[in-house]
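*Asks:* Take 1 as the starting number for the sequence shown in the UniProt record's numbering and just add one per residue. All residues carry an ideal CB built from backbone N, CA and C; glycine is no exception. Input: one structure, supplied below.
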Amino acid sequence: MKVLILGGTNFLGPPLVRRLAGLGHEVAVFHRGRTRAELPAGVAEIRGDRHELRAHASEFRRLGPEVVVDMIPFTEADALGVVDAFRGLARRAVAISSADVYRAYGRFLGMEGGPVEPTPLSEDAPLRSALFPHRAQAWGPEDFLRDYDKIPAERAYLGDPELPATVLRLPMVHGPGDPYRRLSGYLGRMDEGRPAIVLDEVMARWKCPRGYVEDVAAAIARAVLDDRAAGRVYNVADPAAFTEAEWVARIGEAAGWRGEVLTAPAGRIPLPFHCKQDLDTDPSRLVRELGDVERVDGMEALARTIAWERANPPGTARAPGLLDHASEDALLAEIRHR
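Written out as structure tokens, the structure reads:
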């Protein structure tokens, strides 16, 4: 199969490229050239801006991709540009979306009212009615956060019958190369030798969807290679959903940390989110319809991520819901003497 990947040089892209190429498929990557990645021999690279896809129409026709994978459809305009460029050329598209489309995420952010949504969330769970969840954080009209929203991007992909699309709603992905450094806030404290990490009791029970980068790449590849995925939406996540306290404890075990995870009464640690709203998703539809994928052992995945984090320290890293050291020490003393 001929596969064109839009934006395949950062974090999740290279594992996907390696997997598809390793299975014998002809892979090309379209990217801006700002991120260097070690791609397998024989993988074609096309340099360009995704907002100017029409300028590369002749290259795309020569390539003749059967499936186009859009790794970065942040906005409706992003999705419409791809649909317009590859309608009548590719037979299918795969769009990488996010679990942040669900109404539960809006309640987690505090931008939507109502009761707590039950989880795990299936693909048919209600979506947010409030769009552009991060617009308030945008520094100006040119900041992509102003128009970032996967909901209109999904609708653009699923609304064009001439380019059948698959939408994959991804979890919080960790692994070597993670640009968001999802482990570093906790790992930094562990490597400092902190005796304990104290979590708000509500935060300690919170669940979200997670996935290791290689496992997520395997799930994407499964959807790319199976035409039964056309027109379907799939959650992608590890089958096991850990609470935040369990997750921190697993990081500590993989890191060789000898401390403990403790909880503080609700309200003693300021929380930036509404953590009574869990976000864990149900990934079983993909397994039922397309088959299961092999996964890296969870502790091995954490060990690989930790090794990369330690080899590439982020400088300052802070996990939401953690106090500064002095405040944590005072709270820790109080907890232990209750």
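(1) Measure the Cβ-Cβ separation of Ala219 and Leu286 and say whether it is below 9 angstroms.
(2) Specify the secondary structure class of Gly252 as computed by DSSP and reduced to three states.
(3) In three-state terms, what does DSSP make of Val296?
(4) Quick one, are the C-beta atoms of residue 350 and Val167 less than 9 angstroms apart?
(5) Which of the three DSSP states, helix, strand or coil, is assigned to Leu323?
(6) Measuring straight from C-alpha to C-alpha, what distance separates Asn10 and Val29?
(7) Enumerate in chain order the residues of its own chain whose CB-to-CB distance from Leu225 is below 7 angstroms, with the five nearest sequence positions on each side excluded.
(8) With Arg250 and Phe242 assumed to form a contact (beta carbons below 8 angstroms), what rounded beta-carbon distance in angstroms separates them?
(9) Taking Pro164 and Ala95 to be in contact with their CB atoms under 8 angstroms, please state how far apart those CB atoms are, rounded to whole angstroms.
(10) What residues in its chain sit with their C-beta under 6 angstroms from that of Arg19, if we drop five residues either side in the sequence?
(11) If we ignore side chains and look at the alpha-carbon of each, how far apart do Pro118 and Asp278 end up?
(12) Please report the distance separating the alpha-carbon of Gly259 from that of Glu192.
(13) Which residues does DSSP list as the beta-bridge partners of Arg232?
(14) Measure the beta-carbon distance from Leu199 to Gly110 and round it to whole angstroms, keeping in mind my assumption that it falls under 8 angstroms.
(15) Starting from the Cα of Arg210, find the closest Cα among Ile46, Gly188 and Asp178 and give me that residue.
(16) Could you say which of Arg92, Arg47, Glu76 and Arg50 lies nearest to Arg3 if we only look at CA atoms?
(17) Would you report the Cα separation of Gly7 and Asp49, rounded to the nearest angstrom?
(18) Considering Cα atoms alone, identify which of Ile72, Val296 and Met190 is closest to Ala255.
(19) Just to confirm before moving on: does the CB-CB distance between Ala41 and Val27 stay below 9 angstroms?
(20) Relative to the alpha-carbon of Arg205, which residue among His274, Gly114 and Ala37 has its alpha-carbon at the smallest distance?
(21) Count the other CB atoms, across all protein chains shown, that sit within 10 Å of the CB of Gly81; report buried if there are 16 or more and exposed otherwise.
(22) Would Arg181 pass as a contact of His325 if the rule is Cβ separation under 9 angstroms?
(23) Looking only at DSSP bridge pairs, what is Ile197 linked to?
(24) If Ser129 and Glu112 are in contact, beta carbons under 8 angstroms, what's the gap, nearest whole angstrom?
(25) For Phe60, which of helix, strand or coil comes out of DSSP?
(26) Pick helix, strand or coil for Tyr212, following the three-state DSSP scheme.
(27) Quick one: residues in its chain with C-beta nearer than 8 angstroms to the C-beta of residue 355, no 5 flanking neighbours on either side, listed in chain order?
(28) Using CA coordinates, which residue listed in Glu214, Ala79 and Ala37 is at the minimum distance from Glu297?
(29) Using the beta-carbon count (16 or more within 10 Å), is Pro14 buried or exposed?
(30) Measuring straight from C-alpha to C-alpha, what distance separates Thr305 and Arg295?
(31) Specify, as a first and last residue, the run of the beta strand (DSSP E) that Met172 falls within.
(32) On the DSSP bridge assignment, give the partners of residue 350 in chain order.
(33) Measuring CB to CB, does Pro133 end up less than 9 angstroms from Asp149?
*Replies:* Inspection of the coordinates gives the following:
(1) The sequence position of residue 219 within the sequence shown is 219, counting from 1. The sequence position of residue 286 within the sequence shown is 286, counting from 1. Yes; because the gap between Cβ atoms is below 9 angstroms, this pair is in contact.
(2) Start at 1 with the first residue of the sequence shown, and residue 252 comes out as number 252. Helix at Gly252.
(3) Counting from 1 along the sequence shown, the entry for residue 296 is found at position 296. Residue state, collapsed to three classes: coil.
(4) There is simply no residue 350 to check, as the chain begins at 1 and stops at 338 in what is shown.
(5) As a position in the sequence shown, residue 323 is number 323, starting the count at 1. Correct three-state label for Leu323: coil.
(6) If you number the sequence shown from 1, residue 10 lands on position 10. If you number the sequence shown from 1, residue 29 lands on position 29. Cα-Cα distance, rounded: 11 angstroms.
(7) Walking along the sequence shown from the start, residue 225 turns up at place 225. Met1.
(8) For this step, residue 250 is matched to residue 250 along the sequence shown. For this step, residue 242 is matched to residue 242 along the sequence shown. Their Cβ separation, rounded to whole angstroms, is 7 angstroms, which keeps Arg250 and Phe242 in contact under 8 angstroms.
(9) For this step, residue 164 is matched to residue 164 along the sequence shown. For this step, residue 95 is matched to residue 95 along the sequence shown. Contact flag wrong, Cβ pair sits at about 11 angstroms.
(10) Counted from its first residue, the sequence shown places residue 19 at position 19. Only Ala217 and Ala221 meet the Cβ criterion.
(11) Taking the sequence shown and counting its residues from 1, one reaches residue 118 at position 118. Taking the sequence shown and counting its residues from 1, one reaches residue 278 at position 278. Cα to Cα, Pro118 sits roughly 8 angstroms from Asp278.
(12) Locating residue 259 in the sequence shown gives position 259, counting from the first residue. Locating residue 192 in the sequence shown gives position 192, counting from the first residue. Answer to the nearest angstrom: the Cα atoms are 11 angstroms apart.
(13) Position 232 of the sequence shown, counting from 1, holds the residue named residue 232. Bridge partners of Arg232: none, in fact.
(14) By one-based count along the sequence shown, residue 199 stands at place 199. By one-based count along the sequence shown, residue 110 stands at place 110. The pair is not a contact, with the Cβ atoms about 19 angstroms apart (cut-off 8 angstroms).
(15) Translated into positions along the sequence shown, residue 210 becomes position 210. For Arg210, the nearest C-alpha among the options comes from Asp178.
(16) As a working mapping, residue 3 is identified with position 3 in the sequence shown. In the sequence under discussion, the amino acid at residue 3 is Val, which differs from the Arg named in the question. When each option's Cα is compared against that of Val3, the closest is Arg92.
(17) Along the sequence shown, read from residue 1 onward, the residue named residue 7 stands at position 7. Along the sequence shown, read from residue 1 onward, the residue named residue 49 stands at position 49. The straight-line gap from Cα to Cα measures roughly 10 angstroms.
(18) In the sequence shown, the residue the question calls residue 255 occupies position 255. Comparing Cα positions, the closest option is Met190.
(19) Within the sequence shown, numbered from 1, the residue matching residue 41 stands at position 41. Within the sequence shown, numbered from 1, the residue matching residue 27 stands at position 27. Their beta carbons are not under 9 angstroms apart, which means Ala41 does not touch Val27 by this criterion.
(20) Sequence index remark: in the sequence shown, residue 205 carries index 205 (1-based). Per the Cα distances, His274.
(21) Sequence index remark: in the sequence shown, residue 81 carries index 81 (1-based). Buried, because 16 or more other Cβ atoms sit within 10 Å of the Cβ of Gly81.
(22) Working through the sequence shown from its first residue, we reach residue 181 at position 181. Working through the sequence shown from its first residue, we reach residue 325 at position 325. No; because the gap between Cβ atoms is not below 9 angstroms, this pair is not in contact.
(23) For the purposes of this step, residue 197 is identified with residue 197 of the sequence shown, where counting begins at 1. In the DSSP output, where bridge partners are listed per residue, Ile197 has Val261.
(24) Residue 129 sits at position 129 when you count from the first residue of the sequence shown. Residue 112 sits at position 112 when you count from the first residue of the sequence shown. Going by Cβ atoms, the distance from Ser129 to Glu112 rounds to 7 angstroms, so yes, they are a contact pair.
(25) Translated into positions along the sequence shown, residue 60 becomes position 60. Looking at Phe60 - three-state DSSP - the assignment turns out to be helix.
(26) On the sequence shown, position 212 is the one that residue 212 refers to. The answer is strand: DSSP assigns Tyr212 an E or B state.
(27) The chain is shown from 1 up to 338; residue 355 falls before or after that span and cannot be answered.
(28) For this step, residue 297 is matched to residue 297 along the sequence shown. Per the sequence presented here, residue 297 reads as Asp, with Glu not at that position. With distances taken between Cα atoms, Asp297 lies closest to Glu214.
(29) Here residue 14 refers to the residue found at position 14 when the sequence shown is read from its first residue. By the neighbour-count rule (16 or more Cβ atoms within 10 Å), Pro14 is buried.
(30) Mapped onto the sequence shown, residue 305 falls at position 305. Mapped onto the sequence shown, residue 295 falls at position 295. Going from the Cα of Thr305 to the Cα of Arg295 covers about 15 angstroms.
(31) As a first step, residue 172 must be located in the sequence shown, where it is residue number 172. First-last of the beta strand (DSSP E) with Met172: Met172 to His174.
(32) Outside the modelled stretch of the chain, which goes from 1 to 338, sits residue 350, for which no answer is possible.
(33) On the sequence shown, position 133 is the one that residue 133 refers to. On the sequence shown, position 149 is the one that residue 149 refers to. For Pro133 and Asp149, yes; Cβs fall inside 9 angstroms.
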